[in-house]
Amino acid sequence: MSGATLMAAPGPARRAKVAAIPGFGLTFGITLAWLGTIVVIPLAALALRPWELGLFGLIDSLSDARVLASLRLSFGAALLAALVDLPLGLALAWAVVRMNWPGRRLLDALVDMPFALPTAVAGIALTALFAPNGWVGAPLAQLFGWSVAFTPAGVAVALMFVGLPFIVRTVEPVMRDLAKDAEEAAATLGATRSQTLRRVVLPALAPALLTGFGLAFARAVGEYGSVIFIAGNMPMVSEIAPLLIVIRLEQFDFAGAAAVGLAMLSLSFGILLLLNLAQRRLRRSRR
Amino acid sequence: MSQFRPATADPAWLRLSVAGVALLTALVLLVLPLAAVFTEALRRGLPAAWAAIAEPDTLAAIRLTLLVAVLTVPVNLVGGLAAAWCITKFDFPGKRVLVTLIELPFSVSPVISGLTFVLIFGAHGWLGEWLQARDIQVIFALPGLVLATIFVTFPFVARTVMPLMQEQGREEEEAAATLGAGGLSTFLRVTLPNVKWALLAGVLLCNARAMGEFGAVSVVSGHVRGETNTMPLHVEILYNEYQFSGAFAVAALLALLGLVTLGAKVVLERLAGRQAGGAA
Amino acid sequence: MTVEVQGIVRRFGGMAALDGVSLEVAAGEFVALLGPSGSGKTTLLRVLAGLEGSDAGRVRIAGRDMTGVPARERRIGVVFQHYALFRHMTVFDNIAFGLSVRPRRERPTRAETARRVRELLELVQIPDLENRYPHQISGGQRQRVALARALAIEPRLLLLDEPFGALDALVRRDVRRWVRDLHDRLGLATILVTHDQEEAMEMADRIAVMERGRIVQCDTPTALLRDPATAFVAGFVGGATRLTCNVRSGVAHFDPLPLPPVRVSLPDGEAQAFLRPSDILARRGASGAATVRLVREDAHGRPALVVAAGDTLLDATGEFLGRGDACRLTLRSGVVFGAGGARAELAPLQAAVAG
Numbered sequence: 477m478s479g480a481t482l483m484a485a486p487g488p489a490r491r492a493k494v495a496a497i498p499g500f501g502l503t504f505g506i507t508l509a510w511l512g513t514i515v516v517i518p519l520a521a522l523a524l525r526p527w528e529l530g531l532f533g534l535i536d537s538l539s540d541a542r543v544l545a546s547l548r549l550s551f552g553a554a555l556l557a558a559l560v561d562l563p564l565g566l567a568l569a570w571a572v573v574r575m576n577w578p579g580r581r582l583l584d585a586l587v588d589m590p591f592a593l594p595t596a597v598a599g600i601a602l603t604a605l606f607a608p609n610g611w612v613g614a615p616l617a618q619l620f621g622w623s624v625a626f627t628p629a630g631v632a633v634a635l636m637f638v639g640l641p642f643i644v645r646t647v648e649p650v651m652r653d654l655a656k657d658a659e660e661a662a663a664t665l666g667a668t669r670s671q672t673l674r675r676v677v678l679p680a681l682a683p684a685l686l687t688g689f690g691l692a693f694a695r696a697v698g699e700y701g702s703v704i705f706i707a708g709n710m711p712m713v714s715e716i717a718p719l720l721i722v723i724r725l726e727q728f729d730f731a732g733a734a735a736v737g738l739a740m741l742s743l744s745f746g747i748l749l750l751l752n753l754a755q756r757r758l759r760r761s762r763r
Numbered sequence: 400m401s402q403f404r405p406a407t408a409d410p411a412w413l414r415l416s417v418a419g420v421a422l423l424t425a426l427v428l429l430v431l432p433l434a435a436v437f438t439e440a441l442r443r444g445l446p447a448a449w450a451a452i453a454e455p456d457t458l459a460a461i462r463l464t465l466l467v468a469v470l471t472v473p474v475n476l477v478g479g480l481a482a483a484w485c486i487t488k489f490d491f492p493g494k495r496v497l498v499t500l501i502e503l504p505f506s507v508s509p510v511i512s513g514l515t516f517v518l519i520f521g522a523h524g525w526l527g528e529w530l531q532a533r534d535i536q537v538i539f540a541l542p543g544l545v546l547a548t549i550f551v552t553f554p555f556v557a558r559t560v561m562p563l564m565q566e567q568g569r570e571e572e573e574a575a576a577t578l579g580a581g582g583l584s585t586f587l588r589v590t591l592p593n594v595k596w597a598l599l600a601g602v603l604l605c606n607a608r609a610m611g612e613f614g615a616v617s618v619v620s621g622h623v624r625g626e627t628n629t630m631p632l633h634v635e636i637l638y639n640e641y642q643f644s645g646a647f648a649v650a651a652l653l654a655l656l657g658l659v660t661l662g663a664k665v666v667l668e669r670l671a672g673r674q675a676g677g678a679a
Numbered sequence: 027m028t029v030e031v032q033g034i035v036r037r038f039g040g041m042a043a044l045d046g047v048s049l050e051v052a053a054g055e056f057v058a059l060l061g062p063s064g065s066g067k068t069t070l071l072r073v074l075a076g077l078e079g080s081d082a083g084r085v086r087i088a089g090r091d092m093t094g095v096p097a098r099e100r101r102i103g104v105v106f107q108h109y110a111l112f113r114h115m116t117v118f119d120n121i122a123f124g125l126s127v128r129p130r131r132e133r134p135t136r137a138e139t140a141r142r143v144r145e146l147l148e149l150v151q152i153p154d155l156e157n158r159y160p161h162q163i164s165g166g167q168r169q170r171v172a173l174a175r176a177l178a179i180e181p182r183l184l185l186l187d188e189p190f191g192a193l194d195a196l197v198r199r200d201v202r203r204w205v206r207d208l209h210d211r212l213g214l215a216t217i218l219v220t221h222d223q224e225e226a227m228e229m230a231d232r233i234a235v236m237e238r239g240r241i242v243q244c245d246t247p248t249a250l251l252r253d254p255a256t257a258f259v260a261g262f263v264g265g266a267t268r269l270t271c272n273v274r275s276g277v278a279h280f281d282p283l284p285l286p287p288v289r290v291s292l293p294d295g296e297a298q299a300f301l302r303p304s305d306i307l308a309r310r311g312a313s314g315a316a317t318v319r320l321v322r323e324d325a326h327g328r329p330a331l332v333v334a335a336g337d338t339l340l341d342a343t344g345e346f347l348g349r350g351d352a353c354r355l356t357l358r359s360g361v362v363f364g365a366g367g368a369r370a371e372l373a374p375l376q377a378a379v380a381g
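Residue numbers (this note's numbering), protein chains in the order written: chain W, 477 to 763; chain L, 400 to 679; chain G, 27 to 381.
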């Protein structure tokens, strides 16, 4: 409405703003209705509901030791997983983009596996794999005495699984676009190959790596399906925050559940905001 | 002279270790989990796996999963297309906010998205009493499952179509307008053919996630066997009851869905690439 | 310092990108490699820089055989076609790169590096841009940065790979003159790759014309214009029109074009004549022979004509003619190449006509 009045307003400074393509009103309306019902109102409920407890009630509800432990685990494991995924994803992207070998296309398709596999399936598969008698779990237990499944390490492994494709898929296009002539220029200027990699190639990939890290982290923090099977879900040890939400809901503690949810969202948006700022500093030098 | 090494060639040890890390990662995190699902599912032979799938509760779960997907995908298809159209073809204030909001469900935990609907429609939710008075069941029933699934799969269509429509610009639509085409025929005859493969890929991804969603539906489902149990939830129930072969059989079915989606995505991406290449 | 290229062969698959190229460049000399795309000029440049290997032949720089010497040890300055600046580094860091990657013993101190970089910025006339990033400066400025970066390693040989292609016409003229002047001041040997003959003519002491992996002629610009060695060179350099003619007992006939026959000392058979505008003179004449289609002024204010002769349009010179006038054409000079590649100057047959 106000848009229409603005456009109709006469005056010398008015820019002739004519949309040649029809359909703005209709599609904008549909978009708003769709967004409003499905995203905005529900998230508003999440933002408002915890305050029923009052400020002190909210603080109480969140400073419960079990809540703090679960938040620590969810965020710690997600950060760790995204961090470990960085070199692994970089190597995978390199193998897909820069290496010439027959299995390249298959590997490229495989990278999307964690996107395509339903989380519950991934959860029980990883559990079977890393259980003390599993294909990977057994040798780890025998050789190093490590147990992965049903420990916080299992949580980190599941989160590595869900985060990996984000890093590969953000780094890959940048790596593909990386002009070879910059590397050749470095060589003619006297740089050794390792100097070129360190000072020319990696810095060019850094913003994409950071973006991928953020995406992998954001996905991992909230992950539920692939984690709960392998985690063991011991309170205070291997219980993730989303599981605690489910538990509080089952106890009909709606406000308490919403409080944990709100805390998770605020924390992860805070971290993403920091990453975004770092990103901006990096990007300043690009494009 | 034949042993000339290009200036951009990496030393052998580096290439070998990168390849080694990449292959090991792919093996442990990507190949083995998939192999584990099918091995466990077929541990007692194909007939046993088939019997597990043919159980009435499993069949009901499959039916419900399909129903949820059928109800979810069209909503996100229409919404996603509308959003992509108004965002890429017009300039208006607040556009970036809109884009951020569309992407938002990807960075919200599925459990939290389920939770938000419980907060609104649940027995103690904002609309709880009102709904109860009219005997309308949302949470622990089909509407809740569909709502939560829509939320979780919200961005897929918009996100796959938007970059392409952005790249293609507005010229073709403007040309259509100067030739006298209306909105609908412009969309159907100019825009849609340009983005059809990407759109199909988005729909497939949306569908795969809708069928495979676990966290969000787990919160709103109530886990009533044969009634509000989708396939992924059924996997959990069977697994927790130590019916491993049954759990893995259903999981294998879901994994197949994932593999088919993955394959289709590869094919569609190639088609889309060829289309873009042909246009350029 | 001299550069000697001897019999370089470079094959890609079955194709020979370089097919036995030999070239010598003296210290302080500016040589252009001129040729159409695919003629091998960029490949030759890359072989010199050590970015490309060769299947046969040898490159010697200041007497030293460069075979097996990697690019980073050659100390050859290269300005890449699209400059290849490091996007994530400031102008300063781009220029300092070559100094900062030296082995620790040879690396200048931080202060010394900064001093050298500022000197170079001064030299390429962009002293205020050191803290900018490549995407924040103009194309011409980027080119200067690329040049300064290449000069920072104190090269004895500078290679320029079509460095002016990305600049708009107005800037290009200035930059060419300025680069040539820089070359003279620094006393480098420079090799420029270009497909623009005007650019090569304006900048280079000598031009090596390349065709299909070979250097077909290497000479000064005036010599190239005056004495093109092959039909290819004549066609590529100097803006001549190519016309097919028939030689019969020492006389070339252009039928059905309304051009008078001319004398050439070539064996009988088909031949190619290369005629510049100044070679063709138009005079007012009987109608039907040729018609003036367009009258312009060339850069020196003389009339330049486009004349329709049958179906062919020719650039010609001539006074006192207007659009649509009928005219008669005579040939004053020109080069003709016979079937075997033999070359001859054409001479008017005026005596015969008068007789």
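Virtual Cβ for every residue (Gly too), placed ideally from N, Cα, C.
Excluding the 5 residues flanking residue i on each side, which residues of the same chain have their C-beta closer than 7 Å to its C-beta?
{"i": "arginine 343 of chain L", "result": "Nothing in the structure corresponds to residue 343 of chain L, since chain L is present only between 400 and 679."}
{"i": "lysine 682 of chain L", "result": "Since the first residue shown for chain L is 400 and the last is 679, residue 682 of chain L is missing from the structure and cannot be characterised."}
{"i": "proline 303 of chain G", "result": "Ala330, Asp341, Ala342, Thr343"}
{"i": "serine 401 of chain L", "result": "Reliability of the predicted coordinates at serine 401 of chain L is poor, the pLDDT of 48 falling under 50, and the value obtained from them is presented with this limitation in mind. Contacts found: none."}
{"i": "alanine 739 of chain W", "result": "Leu538, Leu547"}
The alpha helix (DSSP H) with residue i in it runs from where to where?
{"i": "histidine 209 of chain G", "result": "195-212"}
{"i": "glycine 696 of chain L", "result": "For chain L, the structure presents residues 400 to 679; residue 696 of chain L sits outside this window and is missing."}
{"i": "valine 650 of chain W", "result": "628-653"}
{"i": "alanine 532 of chain L", "result": "527-532"}
{"i": "leucine 632 of chain L", "result": "630-639"}
{"i": "valine 219 of chain G", "result": "That residue, valine 219 of chain G, is in no alpha helix (DSSP H); its beta strand (DSSP E) goes 215-220."}
{"i": "leucine 691 of chain W", "result": "678-698"}
If you drop the 5 nearest sequence neighbours on each side, which residues of the same chain put their C-beta closer than 6 Å to that of residue i?
{"i": "alanine 489 of chain W", "result": "Because alanine 489 of chain W carries a pLDDT of 39, less than 50, the predicted location of this residue cannot be relied on, and the following value inherits that uncertainty. Closer than 6 Å at the Cβ level, and outside the excluded window around alanine 489 of chain W, lies no residue."}
{"i": "threonine 595 of chain W", "result": "Gly701, Ser702"}
{"i": "phenylalanine 613 of chain L", "result": "Pro631"}
{"i": "arginine 491 of chain W", "result": "The predicted model places arginine 491 of chain W with a pLDDT of 43, which falls under 50 and marks its position as unreliable; any figure quoted below should be read in that light. None."}
Whose C-beta lies closer than 8 Å to the C-beta of residue i among residues of the same chain, with five residues either side of it excluded?
{"i": "arginine 113 of chain G", "result": "Tyr159, Pro160, His161"}
{"i": "glutamate 454 of chain L", "result": "Gly645"}
If the criterion is Cβ atoms closer than 8 Å, does the pair residue i and residue j meet it?
{"i": "valine 517 of chain L", "j": "arginine 608 of chain L", "result": "no"}
{"i": "alanine 297 of chain G", "j": "leucine 331 of chain G", "result": "no"}
{"i": "leucine 649 of chain L", "j": "isoleucine 452 of chain L", "result": "Note on residue identity: the sequence assigns valine, not leucine, to residue 649 of chain L. It is a contact, given that the beta carbons lie within the stated cut-off."}
{"i": "isoleucine 634 of chain L", "j": "isoleucine 706 of chain W", "result": "Checking the sequence shown, residue 634 of chain L turns out to be valine, not isoleucine. Cβ atoms of valine 634 of chain L and isoleucine 706 of chain W: not closer than 8 Å."}
{"i": "alanine 557 of chain W", "j": "alanine 421 of chain L", "result": "no"}
{"i": "alanine 540 of chain L", "j": "threonine 627 of chain L", "result": "yes"}
{"i": "valine 537 of chain L", "j": "phenylalanine 520 of chain L", "result": "yes"}
{"i": "glycine 124 of chain G", "j": "alanine 88 of chain G", "result": "no"}
{"i": "phenylalanine 258 of chain G", "j": "valine 273 of chain G", "result": "no"}
Taking the alpha carbon of residue i as the point to measure from, which residue in the options has its own alpha carbon closest?
{"i": "leucine 340 of chain G", "options": "G:Ala53, G:Arg349, G:Val318, G:Asp324", "result": "G:Val318"}
{"i": "aspartate 337 of chain G", "options": "G:Asp281, G:Arg36, G:Asp210", "result": "G:Asp281"}
{"i": "arginine 652 of chain W", "options": "W:Ala569, W:Gly533, W:Gly610, W:Gln755", "result": "W:Ala569"}
{"i": "leucine 514 of chain L", "options": "W:Leu719, W:Ser742, W:Ile747", "result": "W:Leu719"}
{"i": "isoleucine 747 of chain W", "options": "W:Ala554, W:Thr513, W:Pro518, W:Ile506", "result": "W:Ala554"}
{"i": "alanine 547 of chain L", "options": "L:Leu541, L:Ala615, L:Ala418", "result": "L:Ala615"}
{"i": "phenylalanine 505 of chain L", "options": "W:Phe745, W:Leu753, W:Phe504", "result": "W:Phe745"}
{"i": "threonine 627 of chain W", "options": "W:Ser742, W:Leu654, W:Leu549", "result": "W:Leu549"}
{"i": "valine 697 of chain W", "options": "L:Val507, L:Gln674, L:Val623", "result": "L:Val507"}
How would you write the range of the beta strand (DSSP E) that residue i sits in, first residue to last?
{"i": "aspartate 45 of chain G", "result": "41-51"}
Note down, in chain order, every chain A residue with its Cβ under 9 Å from the Cβ of residue i.
{"i": "arginine 404 of chain L", "result": "Among the protein chains of the structure shown, namely W, L and G, there is no chain A."}
Entirely within the region 267-303 of chain G and at least 3 residues each: give me those beta strand (DSSP E) ranges in chain order. Counting whole runs of 3 or more residues, the region 267-303 of chain G contains the beta strand (DSSP E) stretches 267-274, 277-279, 295-301.
What are the start and end residues of each continuous beta strand (DSSP E) run of 3 or more residues lying completely inside the region 305-338 of chain G, in chain order? Those beta strand (DSSP E) runs which fall completely within the region 305-338 of chain G and span 3+ residues are 306-310, 316-323, 329-335.
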